[in-house]
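Quick notes on the structure that follows.
Here you go:
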């Protein structure tokens, strides 16, 4: 259960209090505000605040005095143009603030995106909750045999059961000992900043994370990608859905020009041109290494 | 005249359209939104959007589920604590977007603050307006004789008149030639991206500038400082007033712990302790260089 | 003349003094150090310092204890893999520091690359030299009739002569007045921080610019691109040559995967697949807008 | 034992190979290069590369053509001036690259310093070593009773023994299970990116970390501070010693103006002035809150 009834009550209270503003509003995002979107077994994503909408992007691109919109059509066309030509600064003019509950090993990947603002729950100052990520059976995957940093088949039977037992028992025992070390009942009680070192990387932490739309798109491109680890991808997919509601034109342009885009090397572009001209290209006459050729064929097929 | 009647009409229209939002609202900032605050002779500062208020700072610091506020008192106390102990991330959770019209030489200082988002009016794409900063007579200062990068006395009489004439005439002639080079009337017309090179640094440009509250405070500390060049300080002071209306508790803490603060070196702190103990310290027994001692005495007086 | 004999003597002196180091060395870069590479009419690019070489990239990727190199072959293959898969952090592990002399309007474009360190010659503190960029006749281009921010045909005859006269005369007069305003001969002398506002954007400034290799590649991709303004491209091309000498494997990978790469939108990739399958696609059944189709056809031709 | 004999052999080999360079050299840093400086029980700090020295700071500040040095004296004076007046860009012109082995909970604090380049050993790709931080008995501290995020007295006797037993046993058991889950001996073997989630936060990781001198000083000011957690402070102190050898003038200025500096609020400065004038100030007439007054008195004593 990701959130408690008390937390839900706080959310409901926050959603009850609409107030007038002169700022740009995104109807799709107002619908999302504060709600706890569940991710994994105990995780959540909540929108705490946002700045701007599709029109704010074109308004910034035009450095205009009034609202950016001349017409809905011209907004969409300009947004697509800006995305296609890598004009990133207008997209930086939108901002979103999220409250995220996530396992520590996911947080460690996430934080590598440096152009963002983060305020994490402090385990020096406070005591962490007894909440651990335990993979669902269908996510319990073997090491990939072709990719050093990927997953292969799902674990089966006794092995799967063994793994789940170990993860669950180690989590519970570590937390029991965490509590035992902290306890001031008949003893001094270890400092919180030390006791936390006993907790495994599947414990949940939480943070406020604030990022501009350009850098959010960069995060989504890398983390909603099939090569990303499943657990962070689960968060990226929820955030992608939210972003589609927030800035529908910008999101559609992002899908076409980034998420679904294909990057061709100079060599790759040359090969495609030769193929279009009727030539047959094989790995041998491609000039590509084995690895490159395999990746190229996976997209463009054989010819 | 900083803005045209058409621009004022666009501003009035923007201010007429309040809409409901579930987001955190700052009443002081709603009052400021879109209005053109004049700076120098043709410059403006306009608030285009904002995210967060004082409560949003404490809400982020607590990584809370509901609104941050427990009570107004505890918000103020926590904000002062965070500022005093250099906990900067909660202040990064507020954001503001400004539309600024400013002379190019001011823009060149401003842009050195790298942790911000900027979208500038493009003189490759568009034609700049005939608007130049000409200092008011009381700002027409001589080179300082003690500070290589400062101002001294105000210029007087014939010299002041000569300077103003040169600035005005060169600005007008440069702009006349800019127009003449661009003109396609009977000639090809020089590319805009080239023609702009003829324009002097007192021409006005404009941009959208977006920054978080922590970095805005850093900007204000450096640029609202008496050592900052007057022209950028004029902008910083207007923005400081706006910020006070936006986040009154945070601004008060900033005034006490940053703007009005005094930084003592290890040596300086030692000297003050000796003075408090009744000792008389002179430059000779201070261990400070001449320059340091002069700066120290300017604050702490002789003893 | 980009540099004076005194400056050349300082450069020669710097190049005379080799000293032993245990650090990674790039022979190609040692050859470049300190030399003044000319750009435009008075500009220069000088390498002041560098950190790392091709091996340092793979060494960081492997977080290794010794030098990164297992073999030259494996270095090259790993560097290509890292570039192809957007693993940017190993490239951030190389750094370069340049001394650049450049026109102010070029500096204003350049500074938009925020992830770099800059120390600019201060016109508040010092007096600028009388050096202005005046385009060579073949660079004196008309405004493009198809691209709002581009150049068209070269200006001819009387118009070209008129433009050059205006640029030269305005530059000289502005500088004469700059000197006249600063002069303390029989007058107080205007503050340097004010007098500089009279100088046009083609005056030369200079700075130290330090950047990591990943961000340098990003700079080169945008600024060595045919759509970049010629004047900044001239700098990017010189820096690209220097970078090729510094990290030859990384530069070759950059050329293949970035500089010569082609980005296909989801739509564009779909169209190419249909073409490869023998279908004829026109703008009408492409699903692309007119602008997108024009850009697509420019690369892939008609079919 | 922080490093293996094989690693030491790689280090020795790296230190054996001096080569000529034209770049700025720091003798103190050449002495440090590659060596494994031990920290905590299994941690290390190694200098992998550096750029610049004291003279490079003044050379950048002057945007000079030759080496920065006019004289050793003027270098020192200028560096102190730059530090005192918060001119940070010349310090950004030096860069250092470190190889650090550190517990994960320390890495999580460290990574909050965003203006740096990091390449971490990947536990998705590789298998972590069986190395855990176990605090020395004198570092096994109770929770502070006055500071929510600090340490109090050292744990004694049976409680200390119990804590150490739990930390050691949980670390070993977690690692045993990590190995058991990964094993492909008679089973598929869990993906490395999943198995790592069972490891506690005191396991050691390692990374390459590259940062400029300005941001390094900021890191040292926060992390070599008595309020920083002991474990990260241990790293900061080793790096501080290294930095003193690298840029002795800059480090001395940093010690005087940052590390040993005292920040006075506007209120605090006012109180000191009144005290110097002979007045007696108490908490009641200070205008400070209880917390502020306690911190003020801790530095300035009673009067």
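Chains as they are written, first to last, in my numbering: chain D, 1 to 303; chain L, 1 to 303; chain G, 1 to 303; chain C, 1 to 303. Quick reminder that beta carbons are idealized off the backbone N, C-alpha and C, glycines included. Since the structure is predicted, the reported quantities are computational estimates derived from the model, not experimental observations.
- Chain C places a beta carbon closer than 9 angstroms to that of residue 48 of chain G, counting this residue as a contact.
- Comparing alpha-carbon positions, the option among L:23, L:227, L:81, L:162 lying closest to residue 294 of chain C turns out to be L:81.
- Under the three-state reduction of DSSP, residue 235 of chain D is assigned to helix.
- Flagged as an interface residue toward chain D: residue 181 of chain C, by a C-beta distance shorter than 9 angstroms.
- By alpha-carbon distance to residue 248 of chain L, the top candidate from L:278, L:55, L:301 is L:55.
- Its chain contains 209, 210, 211, 215 as the residues whose beta carbon lies nearer than 7 angstroms to that of residue 116 of chain G, once the 5 sequence neighbours on both sides are disregarded; these appear in chain order.
- Neighbourhood of residue 111 of chain C in chain D, by CB distance below 7 angstroms: 111, in chain order.
- No Cβ-Cβ contact shorter than 9 angstroms links residue 119 of chain G with residue 167 of chain G.
- Contact with chain L is absent for residue 210 of chain C, since none of that chain's Cβ atoms lies less than 9 angstroms from the residue's Cβ.
- Between residue 149 of chain G and residue 122 of chain L, the CB-CB gap stays under 9 angstroms.
- Non-local beta-carbon contacts of residue 195 of chain G in its own chain, meaning distances under 8 angstroms to residues more than five positions away in sequence, involve 178, 181, 182 in chain order.
- In this structure, residue 206 of chain L and residue 106 of chain L do not form a Cβ contact; the two beta carbons are roughly 11 angstroms apart against a cut-off of 8 angstroms.
- In the DSSP annotation of this structure, the continuous segment of the alpha helix (DSSP H) that includes residue 293 of chain C starts and ends at 290–300.
- A residue is called buried when at least 16 other Cβ atoms come within 10 angstroms of its Cβ; residue 21 of chain G meets this threshold and is buried.
- Taking 8 angstroms as the cut-off between beta carbons, the residues of the segment 209–237 of chain L near chain G are 229, in sequence order.
- For the pair residue 34 of chain L and residue 46 of chain L, the CB atoms are nearer than the 9 angstroms cut-off.
- Taking 9 angstroms as the threshold, the shortest C-beta distance from residue 65 of chain L to chain D falls below it.
- In the structure shown, residue 261 of chain C adopts coil according to DSSP, grouped into three states.
- What residue 89 of chain L touches in chain D, judged by beta-carbon distance under 8 angstroms, is 117, 118, 119, going in chain order.
- Comparing alpha-carbon positions, the option among L:28, L:93, L:130 lying closest to residue 43 of chain L turns out to be L:130.
- The C-alpha of residue 278 of chain G lies about 18 angstroms from the C-alpha of residue 296 of chain G.
- Annotation: residue 104 of chain D has no Cβ neighbours in chain G at a cutoff of 8 angstroms; minimum Cβ distance is about 21 angstroms.
- Listed by position along chain G, the residues whose Cβ is nearer than 7 angstroms to that of residue 146 of chain L form an empty set, because the closest Cβ is around 13 angstroms away.
- Contact annotation, residue 263 of chain L with residue 250 of chain C: C-beta distance approximately 18 angstroms; criterion of less than 8 angstroms not satisfied.
- Residue 289 of chain L sits close to residue 77 of chain C, with the two beta carbons spaced by under 9 angstroms.
- For residue 291 of chain L, the chain C residues whose Cβ falls inside 9 angstroms of its Cβ are 77, 80, 81, 84, in order along the chain.
- Think of a sphere of 7 angstroms around the beta carbon of residue 188 of chain C: the chain D residues whose beta carbon falls inside it are 142, 153, 155, 159, in chain order.
- Apart from the 5 residues on each side of it in sequence, residue 274 of chain G sits with its Cβ closer than 7 angstroms to the Cβ of 281 in its chain, given in chain order.
- Considering only beta carbons, the part of the segment 14–39 of chain G lying closer than 8 angstroms to chain C consists of 14, 15, 17, 18, 19, 20, 21, 22, 23, 24, 25, 30, 33, 34, in chain order.
- One finds 264, 269 in chain D with Cβ atoms closer than 7 angstroms to the Cβ of residue 262 of chain G, taken in chain order.
- Counted as a single uninterrupted DSSP element, the alpha helix (DSSP H) harbouring residue 7 of chain C occupies residues 5–16.
- The three-state reading of DSSP puts residue 42 of chain C in coil, since its state is none of H, G, I, E or B.
- Less than 9 angstroms divides the Cβ of residue 113 of chain C from the Cβ of residue 218 of chain C.
- Boundaries of the beta strand (DSSP E) around residue 210 of chain C: 204–212.
- Excluding residues up to 5 positions away in sequence, 137, 140, 154 lie with their Cβ nearer than 8 angstroms to the Cβ of residue 160 of chain D in the same chain.
- In this structure, residue 232 of chain D keeps its C-beta atom at 9 angstroms or more from the C-beta atom of residue 37 of chain D.
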